[in-house]
Amino acid sequence: MDAAKRVVHLTTVHHPYDPRIYHKECKSLQAAGFDVTLVAKEDPTDSRKNETIKHVKLKSYSNRLKRMIFGTVDAYKKAKQLNADVYHFHDPELLPIGWLLKKKNNVVIYDIHEDYVTSIMQKEYMNKPLKKVISTLYKWMEKLFAKKMELCLAEKYYKDIYPNGKCILNYPTINENILRHQRDIAKVDDSVLYTGNVTHVRGALIHAKIPAIHPSVSVHYVGLCKKSIADEIFTIAKDKQDQIHIQGIDHFVEKEDIEAQYVSRNWLAGIALFPPTEHYMKKELTKFFEYMSAGLPIICSNFPVWKDFIETYDCGIAVDPYNDKEVKEAIEYLRINPDEVKRMGENGKKAVVEKLNWNVEEEKLVKWYKQLLLQH
Numbered sequence: 001m002d003a004a005k006r007v008v009h010l011t012t013v014h015h016p017y018d019p020r021i022y023h024k025e026c027k028s029l030q031a032a033g034f035d036v037t038l039v040a041k042e043d044p045t046d047s048r049k050n051e052t053i054k055h056v057k058l059k060s061y062s063n064r065l066k067r068m069i070f071g072t073v074d075a076y077k078k079a080k081q082l083n084a085d086v087y088h089f090h091d092p093e094l095l096p097i098g099w100l101l102k103k104k105n106n107v108v109i110y111d112i113h114e115d116y117v118t119s120i121m122q123k124e125y126m127n128k129p130l131k132k133v134i135s136t137l138y139k140w141m142e143k144l145f146a147k148k149m150e151l152c153l154a155e156k157y158y159k160d161i162y163p164n165g166k167c168i169l170n171y172p173t174i175n176e177n178i179l180r181h182q183r184d185i186a187k188v189d190d191s192v193l194y195t196g197n198v199t200h201v202r203g204a205l206i207h208a209k210i211p212a213i214h215p216s217v218s219v220h221y222v223g224l225c226k227k228s229i230a231d232e233i234f235t236i237a238k239d240k241q242d243q244i245h246i247q248g249i250d251h252f253v254e255k256e257d258i259e260a261q262y263v264s265r266n267w268l269a270g271i272a273l274f275p276p277t278e279h280y281m282k283k284e285l286t287k288f289f290e291y292m293s294a295g296l297p298i299i300c301s302n303f304p305v306w307k308d309f310i311e312t313y314d315c316g317i318a319v320d321p322y323n324d325k326e327v328k329e330a331i332e333y334l335r336i337n338p339d340e341v342k343r344m345g346e347n348g349k350k351a352v353v354e355k356l357n358w359n360v361e362e363e364k365l366v367k368w369y370k371q372l373l374l375q376h
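Residues in the sequence shown are numbered consecutively from 1, following full-length UniProt numbering.
What follows is the structure, encoded as structure tokens:
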């Protein structure tokens, strides 16, 4: 490009160092020659130095309603002042802002991280009538405001909902330290790893049962976990509480800290024993690709999409998350078959290196941006 086009990414919900927004999209666009600014909330614990992505900071609100009102207004004012060629926003509550920012000579992109209609219906903090109202309101807002926007889809199946959207899948960045890390299969720990936000719908309480199901095995959670959920986890573990480890109680765990955990010990497996929900049953989890990148076999729920994924890449075992016998047998199979741990791990790593990685998606993202700008 002759002159650097100005790109602004906006979020009022996500952490400023969100893996998809900051580490993948913003950094990739900057490396491709775009002038990138991130408009996101301030992290009071931020100790980073010499970051090259410009960060316009928004005030953080502990109250969700205040964030949706005042945070959104603040984001609009600051984004408008930047007069960008491309505005790329990441939260449903910013749909009206995206609509206001859209002009004839710019591009506005709505990055759809989730199947929001389905995910709203499984929010734990809302009652059922309220969920229906919010879901209906969201569908109305999306139809009204997104007409002149481009849609960026983080997951394959979203294409069924948004046929005109562009899939920029949330595959992992290639971390050479993780790829080069050689696991000593002869010394695999009796430890399983879960990474990412720790919530009920992501299997927090199912994972808490593992030490009781298989007394030799400890569970390590690495990701944001509300203290109330941590308390539930420890309650379920009962006399096995010393085999439960949680890094991230009431605080965000950054990408670098999660990646460090992958090489911190010889994990037996990465786990994702989720309860069946319409949202998660349809999608391929980002943590699958991260486990595979680290050479970890996966133990996950046997949802059809997940089971098909595991079988396609021969990289783990899918089980009924509510069948303790199946869970125990899967864990024991890996414990007594280190060669299988190695084979499944290598299969997963090979798939990530060859095609399930951010490098492939980065090329698509940059090419798409350039095409959109040529049209304006």
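Glycine included, each C-beta is placed from N, C-alpha and C at the ideal position.
Cβ distance (whole Å) where residue i is taken to contact residue j below 8 Å
| i | j | result |
| --- | --- | --- |
| residue 394 | phenylalanine 145 | Past the boundaries of the shown model lies residue 394; the chain is included only from 1 to 376, so the question cannot be answered. |
| lysine 192 | alanine 318 | Checking the displayed sequence, the identity of residue 192 turns out to be valine instead of lysine. With a Cβ gap of about 15 Å, valine 192 and alanine 318 do not count as contacting. |
| tryptophan 358 | tyrosine 171 | 5 Å |
| tyrosine 87 | leucine 38 | Going by Cβ atoms, the distance from tyrosine 87 to leucine 38 rounds to 12 Å, so no, they are not a contact pair. |
| glutamate 42 | serine 60 | 6 Å |
| leucine 285 | valine 327 | Going by Cβ atoms, the distance from leucine 285 to valine 327 rounds to 18 Å, so no, they are not a contact pair. |
| leucine 58 | alanine 32 | Contact doesn't hold; Cβ gap of about 26 Å is too wide. |
| residue 387 | aspartate 74 | Shown here, the chain extends from 1 to 376; a query on residue 387 therefore has no answer. |
| glycine 345 | proline 297 | 6 Å |
| proline 275 | isoleucine 229 | The pair is not a contact, with the Cβ atoms about 14 Å apart (cut-off 8 Å). |
| valine 8 | leucine 82 | 5 Å |
| proline 321 | glycine 203 | 7 Å |
| glutamine 247 | tyrosine 221 | 7 Å |
| lysine 364 | isoleucine 168 | 6 Å |
| histidine 245 | serine 218 | 7 Å |
The beta strand (DSSP E) enclosing residue i, as first and last residue numbers
| i | result |
| --- | --- |
| phenylalanine 89 | 86 to 89 |
| leucine 169 | No beta strand (DSSP E) contains leucine 169, which DSSP labels as neither H nor E. |
| valine 8 | 6 to 10 |
| cysteine 152 | 150 to 153 |
CB contact check: residue i to chain C, cutoff 7 Å
| i | result |
| --- | --- |
| glutamate 150 | Considering every chain present, this structure includes no chain C. It has just one protein chain. |
Option nearest residue i by Cα separation, candidates the options
| i | options | result |
| --- | --- | --- |
| lysine 77 | Ser62, Pro96, Ala272 and Lys328 | Pro96 |
| proline 16 | Val7, Pro44 and Gln30 | Pro44 |
| proline 92 | Phe288, Lys103, Val117 and Glu354 | Val117 |
| lysine 227 | Phe252, Asn266 and Tyr333 | Phe252 |
| tyrosine 158 | Asn63, His113 and Leu101 | His113 |
| glutamate 259 | Phe289, Glu232 and Met281 | Phe289 |
| lysine 325 | Val201, His214 and Lys139 | His214 |
| aspartate 250 | Pro129, Thr199, Gln243 and Asp320 | Thr199 |
| alanine 351 | Ser293, Pro304, Asn266 and Asn302 | Ser293 |
| phenylalanine 34 | Arg265, Ile53, Arg20 and His23 | Ile53 |
| histidine 279 | Ile210, Asn177 and Phe303 | Phe303 |
| lysine 299 | Glu329, Val366 and Lys282 | The displayed chain sequence assigns isoleucine, not lysine, to residue 299. Among Glu329, Val366 and Lys282, the Cα nearest to that of isoleucine 299 is on Glu329. |
| lysine 143 | Met126, Tyr162 and Arg6 | Tyr162 |
| tyrosine 314 | Val353, Ser301 and Asn347 | It should be pointed out that residue 314 corresponds to aspartate in this sequence rather than to tyrosine. Aspartate 314 has its Cα closest to that of Asn347, out of Val353, Ser301 and Asn347. |
| lysine 24 | Val360, His376, Gln375 and Leu374 | Val360 |
| lysine 355 | Asp18, Asn164, Ile174 and Val201 | Ile174 |
| alanine 84 | Ile69, Arg67 and Asn105 | Asn105 |
| lysine 80 | Asp18, Lys102 and Leu65 | Lys102 |
| tyrosine 291 | Ser62, Met281 and Gln261 | Gln261 |
| aspartate 115 | Lys128, Met126 and Lys139 | Lys139 |
| lysine 282 | Pro129, Ser301, Arg265 and Trp267 | Ser301 |
The alpha helix (DSSP H) enclosing residue i, as first and last residue numbers
| i | result |
| --- | --- |
| isoleucine 112 | Taken as a continuous stretch (DSSP letters only), isoleucine 112 belongs to no alpha helix (DSSP H), being part of the beta strand (DSSP E) at 107 to 112. |
| glutamate 354 | 338 to 354 |
| isoleucine 134 | 128 to 145 |
| glutamate 361 | 358 to 374 |
| isoleucine 317 | No alpha helix (DSSP H) holds isoleucine 317; the beta strand (DSSP E) holding it covers 316 to 319. |
| glutamate 311 | 304 to 313 |
| leucine 94 | Looking at the DSSP string, leucine 94 is not in any alpha helix (DSSP H), and its letter there is neither H nor E. |
| aspartate 115 | Element bounds for aspartate 115: n/a, residue is neither H nor E. |
| aspartate 160 | 158 to 161 |
| alanine 31 | 27 to 31 |
Point to revise | Entirely enclosed alpha helix (DSSP H) segments - the segment 231 to 302, minimum 4 residues | key: Whole alpha helix (DSSP H) segments, 4+ residues: 255 to 262, 278 to 282 and 286 to 293.
Check your understanding: Taking only runs of the beta strand (DSSP E) that begin and end inside the segment 174 to 232, which ones reach a length of at least 3 residues, in chain order?
Key -> DSSP runs (the beta strand (DSSP E)) wholly in the segment 174 to 232: 191 to 195 and 218 to 225.
Review point. In chain order, which beta strand (DSSP E) runs of at least 3 residues are fully inside the segment 33 to 84?
Key: If only uninterrupted beta strand (DSSP E) runs of at least 3 residues are considered, those enclosed by the segment 33 to 84 are 35 to 41 and 54 to 58.
Check your understanding: Is the segment 180 to 197 close to the segment 336 to 355, with three or more CB pairs under 8 Å?
Key -> These segments touch.
Review point. Is there contact between the segment 224 to 243 and the segment 150 to 165, where contact requires at least three CB pairs shorter than 8 Å?
Key: Taking a cut-off of 8 Å on C-beta distances, the segment 224 to 243 does not touch the segment 150 to 165, as fewer than three cross pairs fall below it.
Practice item. Decide if the segment 173 to 184 is in contact with the segment 368 to 375; the criterion is three or more beta carbon pairs, one per stretch, under 8 Å apart. Key: The count of Cβ pairs closer than 8 Å, one atom from the segment 173 to 184 and one from the segment 368 to 375, stays below three, leaving the stretches out of contact.
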